[in-house]
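Below is one structure; the comments refer to it alone.
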Amino acid sequence: MRFITPLIAFVLLASVGAAPTDMQRRGDIVARGGHSGGNAGNGGGGGAGGSSYGSGDGGNGGRGGSGGATHSSGDGGNGGHGGNGGSTSGRGDGGNGGSGGTGGSTSGRGDGGNGGKGGTGGNTTSRGDGGNGGKGGNGGSSHGSGNGGNAGNGGSGGSSHGSGNGGNGGKGGNGGNTNGSGNGGKAGNGGNGGSTNGSGNGGAGGAGGNGGNSGSGHH
60 MRFITPLIAF VLLASVGAAP TDMQRRGDIV ARGGHSGGNA GNGGGGGAGG SSYGSGDGGN
120 GGRGGSGGAT HSSGDGGNGG HGGNGGSTSG RGDGGNGGSG GTGGSTSGRG DGGNGGKGGT
180 GGNTTSRGDG GNGGKGGNGG SSHGSGNGGN AGNGGSGGSS HGSGNGGNGG KGGNGGNTNG
240 SGNGGKAGNG GNGGSTNGSG NGGAGGAGGN GGNSGSGHH
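The working numbering puts the first residue of the sequence shown at 60, with every later residue one more than the last.
Rendered as structure tokens:
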């Protein structure tokens, strides 16, 4: 009896400690590719956020981890320090990139994610705008009717392949080009303005830079 009682107590304690919470259980299901309507779990320090294949949001990435992706109408997860923002293939927004990370992309109507310090803004292939680039990073491109993203200092503005405008370049960077009817992006100081191949105007050059070329007779 002296040995049985402690043994029973040990088993009970172990079983209680091992029991997953409802949030953990749901996060595990989603992270394994389950088609749950719940949110994906958040990533811990250095861990990646869970993916969501339902209508929930992608999980947030921890420090050094990547944000989770979502393939529905939810938002892509935010990237942690040094991590990448999550992507979305639905109508939600792409995730934001952490410091040194890349903004998430979107293939739906949402906006591309913003790039973190030193990172690149996310791209969009639909009606949303390209994401803005962080310090030293480039603005994201838009392949739909949205605008190219604006760049941070030292970066180039994103291009627009639809009817939107090219993104503005940061200090020392070039303005983005547009291949549609929008205007070329304005350049930062020391940079060149973006060109347009459509009916829009070429972007203005920054101090010490050149203006962009215009299409269809505009200047």
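Positions of the beta carbon are idealized from the N, C-alpha and C atoms, including for glycine.
Collapsing the DSSP output to three states places S219 in a strand. CA-to-CA, the gap between G216 and N233 works out to about 6 Å. CA-CA distance, G247 to G239, rounds to 22 Å. The alpha-carbon of G225 is positioned some 16 Å away from that of G213. Rounded to whole angstroms, the Cβ separation of S222 and G241 is 6 Å, and the two are in contact under 8 Å. By the neighbour-count definition (other C-beta atoms within 10 Å, threshold 16), A263 is a buried residue. Here N206 is actually not in contact with S218; their C-beta atoms are around 10 Å apart, not less than 8 Å. Within 10 angstroms of the beta-carbon of A210 lie 16 or more other beta-carbons, which makes it buried.
Comparing alpha-carbon positions, the option among G261, S204, G257 and N256 lying closest to N227 turns out to be G261. A direct Cα-Cα distance of roughly 10 Å separates N236 from G257. In this structure, G243 places its C-beta atom within 8 Å of the C-beta atom of T255. Of the candidates N143, G274, G231 and G259, G231 places its Cα closest to the Cα of G265. Excluding the 5 residues flanking it on each side, G274 has same chain C-beta neighbours closer than 6 Å at T255, N256 and G257, in chain order.
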